[in-house]
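Everything below concerns the one structure shown next.
Residue numbers (the UniProt record's numbering), protein chains in the order written: chain F, 1 to 261; chain E, 1 to 242.
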C-alpha cells in the first residue's frame with residue numbers, strides 16, 4: 001500500500017500538494033474527493049483514525065458559523081499514518097522524498113522566511129481569497145440567492161490589503177519570497193490567488209509586479225502542470241450546472257448563510 | 001550580538017517564545033513592546049516588523065515575524081532538545097499539523113473571547129456585547145472539542161509521550177480566554193490533566209511568570225494610549241471579532 005493523497009483540485013491547498021508531488025515525481029495514488037458529495041456525507045474518507053469523518057459530523061452540526069467543509073481535504077495516508085493540513089503534508093513529503101533544497105531551504109534564515117510566509121498566509125491571503133468563490137458562486141448555488149455587493153467589496157478590500165503586504169514585505173524586489181528560487185511559500189501563495197481569478201475577480205490586474213512573480217512561479221512549476229492543476233477552478237462556471245444532492249443543499253444552506261455574517 | 005525578542009506577554013505567541021527561550025536557556029534581550037501603549041504602532045518598531053505585530057525577532061541584520069517561524073528558527077539555531085520538534089518524520093508532522101490548524105481554530109476563537117470580553121471594552125470604554133462574547137465562546141467550545149478528540153486523543157501530549165512546540169503553542173492560546181474569566185478546565189478533565197502536564201514540563205515558576213499579566217485583567221490600563229492610536233486599535237480589533 002503506497003502513498004495516498006486525498007484531494008479535490010477545487011481546493012487551493014490540494015492544488016499546492018498536487019503540484020508539489022507531481023513536480024517532484026513523488027508517486028502517489030490520487031484519491032479524488034468531491035467536496036460537495038463524498039466528504040461531507042462521509043462516504044469516502046481515508047480510514048485510520050478517520051479525522052475526516054468526525055469533521056463531517058462537525059460541519060453538519062456547525063453552530064459556530066465556521067464552515068469546516070473545505071477542511072476535509074487535503075489528507076494524506078501513508079500506511080497507517082494519516083495526516084491533514086497542507087503545510088504539514090507538504091513538509092512531510094519534502095522530507096520523506098528528499099526534494100530539492102530550494103523548496104524548503106536548509107539555510108536557517110531562508111527556511112525561516114518560508115515558515116514566516118506559511119504562518120502569515122492562514123489569516124491573511126487565505127482569510128479572504130477563498131471567500132470570493134463562496135460569495136460569487138458557491139453560496140448562490142446552494143441557497144439560490146445572490147449576495148449583496150457590499151459583501152464582495154469587503155472581501156476584496158481585505159484581500160487588497162493582504163496583497164499589499166505580500167508585495168511589500170514578503171516579495172519586495174526579489175524574484176521569489178525567499179530570494180532567487182521558488183519555495184513552498186510561493187507555491188502556497190499562488191494557488192490561493194488563483195481562486196478569485198477563477199470566479200472573475202482578477203486580482204492580478206493592475207499589479208504588474210505580482211503578475212511577473214506569478215509567471216515566474218508558473219514557469220518554475222512548469223506551465224503544463226500548473227494549467228492541469230488549475231483546469232477545474234478556471235472552468236468553475238461549469239460547477240453552477242452540477243446537480244447538488246438536495247439533502248446536502250438543505251444541510252448546508254443555513255450554515256453557509258451564517259458564514260458570511 | 002545577542003538575539004533580540006520583541007514581546008508583550010499579554011500576547012499568546014509572545015508567551016510561547018518567552019517560555020521556549022527561557023526554558024532552553026537561549027540568551028536573548030527582551031525588548032518590551034507595550035501593546036496597550038501602542039508601541040507596536042511606531043516608526044521605530046516598523047523597522048523591526050512592518051506587519052506591526054508582536055512577537056518579532058532581530059538577529060543582527062535579520063528580522064523575522066510570526067511566532068511559528070521564530071520558534072522553529074530558535075530551535076534550529078540553538079539546537080534545542082529533539083522533543084520540541086522531533087526529528088522523527090511522523091511525530092514532526094503531528095507538530096506541523098497542529099501548528100497549522102490552530103491559527104484559524106483555537107487561536108482565532110481564543111482571541112475573539114479575549115478581545116470581546118476584555119480588550120475591546122478596555123480600549124473603547126464601552127461595555128462588552130454579550131452576543132459577540134457568546135458567539136466567540138461557542139466557536140471556542142467547538143475548537144476545544146476538536147483539540148481533545150483529534151489532536152490530543154488519549155496521548156499525554158500532542159506528538160506522543162513528550163512535550164513539543166505544539167503543546168506550548170496550544171497552552172498559551174488556551175490561557176487567553178482563561179484570562180477573560182472563562183472557565184475552560186473544570187468541565188474538561190482531560191484538558192485539565194494535559195495542561196497540568198504541560199505546566200510541569202515547562203516548570204511551574206516559568207509558566208506562572210509568563211502568564212502573570214494575562215491572568216490579571218484588572219491591572220490592565222490604556223491610560224497611556226493616545227486617542228488616535230486608541231481609535232486605530234479599536235477599529236482593527238473590531239474587524240477581528242466579526
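Yeah, the Cβ is synthetic: ideal placement off N, Cα and C, and Gly gets one too.
Taking residue 11 (chain F) as reference, the option from F:192, F:166, F:239 with the minimal CA-CA separation is F:192.
The count of Cβ pairs closer than 8 Å, one atom from the segment 152-163 of chain F and one from the segment 124-141 of chain F, reaches three, so the stretches are in contact. From the beta-carbon of residue 20 (chain E), no residue of chain F is found nearer than 9 Å; the closest lies around 15 Å away.
Annotated three-state conformation of residue 31 (chain E) is strand, per DSSP. In the three-state scheme derived from DSSP, where H, G and I count as helix and E and B as strand, residue 63 (chain E) is classed as strand.
Cβ neighbours of residue 105 (chain E) within its own chain (closer than 7 Å, five residues either side excluded): 143, 146. Between the segment 22-31 of chain E and the segment 211-228 of chain E, the count of C-beta pairs closer than 8 Å stays below three; the two stretches do not touch. If you check the CB distance, residue 4 (chain F) and residue 20 (chain F) do not come in under 8 Å. Around the beta carbon of residue 153 (chain F), fewer than 16 other beta carbons lie within 10 angstroms, which makes this residue exposed. Considering only E:171, E:215, E:85, E:89, the residue with the shortest C-alpha distance to residue 192 (chain E) is E:171. Within the same chain, Cβ atoms closer than 6 Å to the Cβ of residue 181 (chain F) are found at 102, the five residues on either side in sequence being excluded. The secondary-structure analysis by DSSP pairs residue 78 (chain F) across a beta bridge with F:3, F:81.
DSSP, reduced to helix, strand and coil, places residue 200 (chain F) outside both helices and strands of the structure shown, so it counts as coil. Look at residue 160 (chain E) here: in three-state DSSP terms it is strand. The residues 99, in chain order, have a CB closer than 7 Å to that of residue 68 (chain E) in the same chain once the five nearest residues on each side in sequence are set aside. If you look at residue 134 (chain E), you'll find it isn't in any beta strand (DSSP E); it sits in the alpha helix (DSSP H) that goes 130-146.
Contacts with chain F (Cβ-Cβ distance below 7 Å) from the segment 62-85 of chain E involve 62, 64, 65, 66, 68, 69, 72, 73, 76, 77, listed in chain order. Residues of chain E whose Cβ lies closer than 9 Å to the Cβ of residue 108 (chain F) are, in chain order, 72, 73, 76, 77. Residue contact check for residue 93 (chain E) against chain F: a CB pair falls below 8 Å.
Taken in chain order, the unbroken stretches of alpha helix (DSSP H) that lie wholly in the UniProt domain "GST C-terminal" (107-248) of chain F and span 4 residues or more are 108-122, 125-133, 139-143, 149-165, 184-198, 208-221, 223-234.
Within the segment 81-106 of chain F, the residues whose Cβ lies closer than 7 Å to any Cβ of chain E are, in chain order, 81, 83, 84, 85, 87, 88, 91, 92, 95, 96. A contact is defined here as three or more CB-CB pairs under 8 Å, and the segment 145-161 of chain E meets this definition with respect to the segment 90-98 of chain E. Between residue 171 (chain F) and residue 134 (chain F), the C-beta gap is not smaller than 8 Å, which leaves the two residues out of contact. In the displayed model, residue 79 (chain E) falls within coil according to three-state DSSP, outside both helix and strand. Residues of chain F with a Cβ closer than 7 Å to the Cβ of residue 101 (chain E) are, in chain order, 85. Proximity of chain F to residue 50 (chain E) at the Cβ level (cut-off 9 Å) is accounted for by 165, 168, 169, in chain order. The alpha-carbon separation between residue 234 (chain F) and residue 197 (chain F) amounts to approximately 8 Å.
Collapsing the DSSP output to three states places residue 31 (chain F) in a strand. Here residue 91 (chain E) is not near residue 116 (chain E), since their CB atoms are 8 Å or more apart. Chain E places no beta carbon closer than 8 Å to that of residue 186 (chain F), leaving this residue out of the contacts. For residue 89 (chain E), the chain F residues whose Cβ falls inside 8 Å of its Cβ are 92, 95, 96, in order along the chain. Under the 10 Å beta carbon count, residue 125 (chain E) is surrounded by fewer than 16 other beta carbons and is classified as exposed. The contact set of residue 119 (chain F) on chain E, defined by CB atoms closer than 9 Å, consists of 65, 66, 67, 68, 69, 99, 100, 103 in chain order.
If you draw a straight line from the Cα of residue 226 (chain F) to the Cα of residue 108 (chain F), it is about 29 Å long.
In this chain, the beta strand (DSSP E) harbouring residue 4 (chain E) covers 3-7.
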